[in-house]
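Enquirer: Under the numbering used here, think of the first position of the sequence shown as 41, with each following residue one higher.
Yeah, the Cβ is synthetic: ideal placement off N, Cα and C, and Gly gets one too.
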Amino acid sequence: MKESGEREKEPWEIIQDENEELINEFSDYLHEVKGLSKRTVDIHVYNLRMLNYYVAGYNCERLEETTPLDVSFFMNDWYIRKVAANEETMHKMPVSLKKFFTFLSHEKGFDMPLEEIVEICSDRKRFKKRLREWMDPEAIDGWWTSST
């Protein structure tokens, strides 16, 4: 029972909390099993919290329900616009995503399209191109710039 003044959590907030539990398990796995440093683990956790914010907040989905399309839109659009991505973060984020989805598939046993997600995360040239387009829209020759 909620105390007076406390509100019920929205469905996306509940999902976000559940996703956070998976992220914490992944963090423990990286540190204890893979032997990664605290700093490296913290970078991966931060990146996954960004994904969680997007997947739970915009799609109201659990991380294990994430599709290749979700990952593509997150990397090629949302992350660039909302997080002020740069060349360095555009390099690190796909690494975090590949490690996390591999963990979900291999260690947690979730049935997911891992190969497709890994393929999307491996297209760093596309991410960097999208980042350049976002940072300098005048450099793009698209339908909105053509004169008739």
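1) Quick check on ASP176: does DSSP put it in helix, strand or coil?
2) With a CB to CB cut of under 8 Å and the five nearest residues on each side skipped, what residues in its chain are close to PRO51?
3) Please go through the same chain and pick out, in chain order, the residues whose beta-carbon is closer than 8 Å to the beta-carbon of ASN92, but skip the five residues on each side of it.
4) Runs of 4 residues minimum, wholly inside the region 109-157: which ones carry the alpha helix (DSSP H) assignment?
5) Is the region 111-118 touching the region 67-85 in the sense that three or more CB pairs, one from each, lie closer than 8 Å?
6) Just verifying my parser: in three-state terms, what is the DSSP assignment at ARG79?
7) Tell me whether LEU154 counts as near the ligand SAM, meaning its Cβ is closer than 8 Å to at least one heavy atom of that ligand.
8) Using only CA atoms, which one of LYS132, ILE157, ARG166 lies nearest to THR106?
Expert: Here's the rundown:
1) Coil at ASP176, not helix or strand.
2) Excluding residues within five positions, the ones whose Cβ falls inside 8 Å are CYS100.
3) Excluding sequence positions up to five before and after ASN92, its CB lies within less than 8 Å of the CB of GLN56, ASN59, GLU60, ILE63, LEU103, all in the same chain and listed in chain order.
4) Assignment of alpha helix (DSSP H) within the region 109-157, counting only whole runs of 4 or more residues, yields 119-122, 127-142 in chain order.
5) At 8 Å Cβ cutoff, the stretches do not touch.
6) Helix.
7) Annotation note on the ligand SAM: not contained in the displayed structure, which lists no ligands.
8) Taking the Cα of THR106 as reference, the smallest distance to any Cα among LYS132, ILE157, ARG166 is reached at ILE157.
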